[in-house]
Amino acid sequence: MTDLICCTIVTPSHISKAVTLLESLKIHNEQFKLVILVTEPISFHLDSIEVIELKDFVSINESAALTKSTYQFNFDALRWSLKPVLLSHLLNRQKEAFVIYCDCDMYFLSNPAKLISGLKRGGIVLTPHWRPLEPSPSIHNFRLNFQDGLFNAGCIAVNKKGLAALSWWSRSCLSGCEIDRANGLFHDQRYLDLMLIYFPNTVVCRDLGYNVADWNHQTRYEWLSKKKNLHISLIHFSANTVKKILAGKDPMLEPFYKEYTSHLNQTLNKLITSNVINYGLPNKLEKA
Numbered sequence: 001m002t003d004l005i006c007c008t009i010v011t012p013s014h015i016s017k018a019v020t021l022l023e024s025l026k027i028h029n030e031q032f033k034l035v036i037l038v039t040e041p042i043s044f045h046l047d048s049i050e051v052i053e054l055k056d057f058v059s060i061n062e063s064a065a066l067t068k069s070t071y072q073f074n075f076d077a078l079r080w081s082l083k084p085v086l087l088s089h090l091l092n093r094q095k096e097a098f099v100i101y102c103d104c105d106m107y108f109l110s111n112p113a114k115l116i117s118g119l120k121r122g123g124i125v126l127t128p129h130w131r132p133l134e135p136s137p138s139i140h141n142f143r144l145n146f147q148d149g150l151f152n153a154g155c156i157a158v159n160k161k162g163l164a165a166l167s168w169w170s171r172s173c174l175s176g177c178e179i180d181r182a183n184g185l186f187h188d189q190r191y192l193d194l195m196l197i198y199f200p201n202t203v204v205c206r207d208l209g210y211n212v213a214d215w216n217h218q219t220r221y222e223w224l225s226k227k228k229n230l231h232i233s234l235i236h237f238s239a240n241t242v243k244k245i246l247a248g249k250d251p252m253l254e255p256f257y258k259e260y261t262s263h264l265n266q267t268l269n270k271l272i273t274s275n276v277i278n279y280g281l282p283n284k285l286e287k288a
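Using full-length UniProt numbering, the first residue of the sequence shown is number 1, and each one after it goes up by one.
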């Protein structure tokens, strides 16, 4: 049976969100092994999750060491550029595994069957933003297709057939990982657009219920206006997504946000009880 792994990368302040993300997946599929890469020293233990500290990771992985050296003073670029490095490491450690990377502010509402089935057909699965196809009514949101990229880098699924794509993505991130729209850059994300062209094992997850967030707000409601069902499997509670929910502008996601914040509060209490040790944590643990 294929090993299933889900991983994320965080600073210590976001451990609570990382644990909540991974536990939400475990609720729907107990087979997943869970991994967190933490970019600063931290001390805590949960039986169900493997915690890797960056200082240990760079000592055994040359690509991780190079990435840290390149972005040691840019913590956001460091985390984002480490995604393909961590994914490659986990695949090299377990050759036959299916590995999913998720940003820590995501939440599973069902077993990620579409991501798994995508890996059975290819080597790397990308999740589209599903921004508007038409320039009207929002020319701004339409043009973001061409500024921020077609795919969201917050959710990537890979197997060993995707190792070449991961290696290329890692090298690309080292050439630049910032917002520079004039030169075609949006952090680690714009690079993903080329995968469909140069890496034939690339698969697009065409289920609108994955990576649900503010960027596909218009598309989701247009879909529902046509009386089509939408089964939400994975939500990305980005800052703008939460802002829209709290403003009452995305009622579709309100009940799921309540579920998420309840789970996150439980995680916070558990981490405080387990005495997380790092630079004043757990008092600085990130909340919803």
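We treat Cβ as the ideally placed atom computed from N, Cα and C, and that holds for glycine.
Quick check: the Cα distance between Thr67 and Phe75, rounded to an integer number of angstroms?
Position 67 of the sequence shown holds residue 67. Position 75 of the sequence shown holds residue 75. CA-to-CA, the gap between Thr67 and Phe75 works out to about 11 Å.
Between Asp188 and the rest of its own chain, which residues show a CB-CB distance below 7 Å, the 5 nearest in sequence each way excluded?
Counting from one through the sequence shown, the residue named residue 188 turns up at place 188. Only Trp80, Ser81, Lys83, Ala153, Cys173 and Cys177 meet the Cβ criterion.
So the candidates are His28, Thr127 and Ser170; which of them puts its Cα closest to the Cα of Val85?
Mapped onto the sequence shown, residue 85 falls at position 85. The residue among His28, Thr127 and Ser170 with its C-alpha nearest the C-alpha of Val85 is Ser170.
Tell me whether the beta-carbon of Leu115 lies closer than 7 Å to the beta-carbon of Ala164.
On the sequence shown, position 115 is the one that residue 115 refers to. On the sequence shown, position 164 is the one that residue 164 refers to. Note that the C-beta distance between Leu115 and Ala164 is not below 7 Å.
Assign His45 to buried or exposed, taking buried as 16 or more other Cβ atoms, counted over all protein chains shown, within 10 Å of its Cβ.
For the purposes of this step, residue 45 is identified with residue 45 of the sequence shown, where counting begins at 1. The Cβ neighbour count for His45, taken over all protein chains shown within 10 Å, is under 16; the residue is labelled exposed.
Can you give me the C-alpha to C-alpha distance between Leu234 and Asp193, rounded to a whole angstrom?
Numbered from its first residue, the sequence shown carries residue 234 at position 234. Numbered from its first residue, the sequence shown carries residue 193 at position 193. So the alpha carbons of these two residues sit roughly 21 Å apart.
Own chain residues within Cβ distance below 6 Å of Asn29, not counting five before or after
Translated into the one-based positions of the sequence shown, residue 29 becomes position 29. Result list for Asn29: Asn111, in chain order.
Output needed for Tyr208: all residues of its chain with C-beta closer than 8 Å, excluding positions within five of it in sequence on either side, in chain order.
As a working note, residue 208 is residue 208 in the sequence shown. Here residue 208 is Leu; the residue named in the question, Tyr, does not match the sequence. Answer for Leu208: Trp130, Asn216, Thr219, Arg220, Trp223 and Leu230, listed in chain order.
Under 8 Å, with one C-beta from each stretch per pair, do the stretch 133-140 and the stretch 46-53 reach the 3-pair mark?
Because the criterion of three Cβ pairs below 8 Å is not met, the stretch 133-140 and the stretch 46-53 do not touch.
Look at the Cβ atom of His14, then the Cβ atom of Cys102, and state whether they are nearer than 7 Å.
By 1-based counting over the sequence shown, the position of residue 14 is 14. By 1-based counting over the sequence shown, the position of residue 102 is 102. Contact: no.
Helix, strand or coil at Ile5 according to DSSP, with G and I counted as helix:
As a position in the sequence shown, residue 5 is number 5, starting the count at 1. Note: Ile5 maps to strand in three-state DSSP.
Relative to the alpha-carbon of Tyr191, which residue among Asn211, Phe256, Phe146 and Val212 has its alpha-carbon at the smallest distance?
Locating residue 191 in the sequence shown gives position 191, counting from the first residue. Answer by Cα proximity: Phe146.
Pair within 7 Å by beta-carbon distance, Cys6 and Leu37
Mapped onto the sequence shown, residue 6 falls at position 6. Mapped onto the sequence shown, residue 37 falls at position 37. The answer is no: Cβ separation not under 7 Å.
Going by Cα to Cα distance, which pick from Val10, Leu196 and Val19 is closest to His263?
Taking the first residue of the sequence shown as 1, we reach residue 263 at position 263. Nearest of Val10, Leu196 and Val19 to His263, Cα basis: Val19.
Report the rounded CA-to-CA distance for Ser238 versus Met106, giving the unit in angstroms.
As a working note, residue 238 is residue 238 in the sequence shown. As a working note, residue 106 is residue 106 in the sequence shown. Put simply, the backbone Cα of Ser238 is about 8 Å away from that of Met106.
Quick one, which of Ala213, Asp3, Ala247 and Ile139 has its alpha-carbon nearest Phe151's?
By one-based count along the sequence shown, residue 151 stands at place 151. Ranking Ala213, Asp3, Ala247 and Ile139 by Cα distance to Phe151 puts Ala213 first.
First and last residue of the alpha helix (DSSP H) that includes Gly118?
Indexing the sequence shown from 1 puts residue 118 at position 118. That run of the alpha helix (DSSP H) goes Ala113 to Arg121.
Assign Ala77 to buried or exposed, taking buried as 16 or more other Cβ atoms, counted over all protein chains shown, within 10 Å of its Cβ.
As a first step, residue 77 is located in the sequence shown; it is residue number 77 there, counting from the start. With 16 or more other Cβ atoms inside 10 Å of its own Cβ, Ala77 counts as buried.
Contact belief for Thr202 with Ile124 at Cβ below 8 Å, rounded distance in angstroms:
Numbered from 1 along the sequence shown, position 202 holds the residue referred to as residue 202. Numbered from 1 along the sequence shown, position 124 holds the residue referred to as residue 124. Contact between Thr202 and Ile124 holds, with the beta-carbon distance rounding to 5 Å and staying under 8 Å.
Determine the DSSP secondary structure at Lys258, reduced to helix, strand or coil.
The sequence position of residue 258 within the sequence shown is 258, counting from 1. Looking at Lys258 - three-state DSSP - the assignment turns out to be helix.
When DSSP labels each residue in this structure, what does Tyr221 get in the three-state scheme?
Within the sequence shown, numbered from 1, the residue matching residue 221 stands at position 221. Tyr221 falls in the helix class under three-state DSSP.
List, from N- to C-terminal side, the alpha helix (DSSP H) runs of 4 residues or more that fit wholly inside the stretch 128-192.
Whole alpha helix (DSSP H) segments, 4+ residues: 139-147 and 163-175.
What separation, rounded to the nearest whole angstrom, lies between the Cα atoms of Lys160 and Leu126?
Within the sequence shown, residue 160 is the residue found at index 160, counting from 1. Within the sequence shown, residue 126 is the residue found at index 126, counting from 1. If you take the alpha carbons of Lys160 and Leu126, they lie about 15 Å apart.
Does the beta-carbon of Ser43 have 16 or more other beta-carbons within 10 angstroms, so that it is buried, or is it exposed?
By one-based count along the sequence shown, residue 43 stands at place 43. With fewer than 16 neighbouring CB atoms inside 10 Å of its own CB, Ser43 falls in the exposed class.
Nonlocal neighbours in the same chain, by C-beta distance under 6 Å from Leu196, ignoring five residues either side
Reading the sequence shown from its first residue, position 196 is the one you call residue 196. Non-local C-beta neighbours of Leu196 in its own chain, meaning closer than 6 Å and more than five positions away in sequence, comprise Thr202, ordered along the chain.
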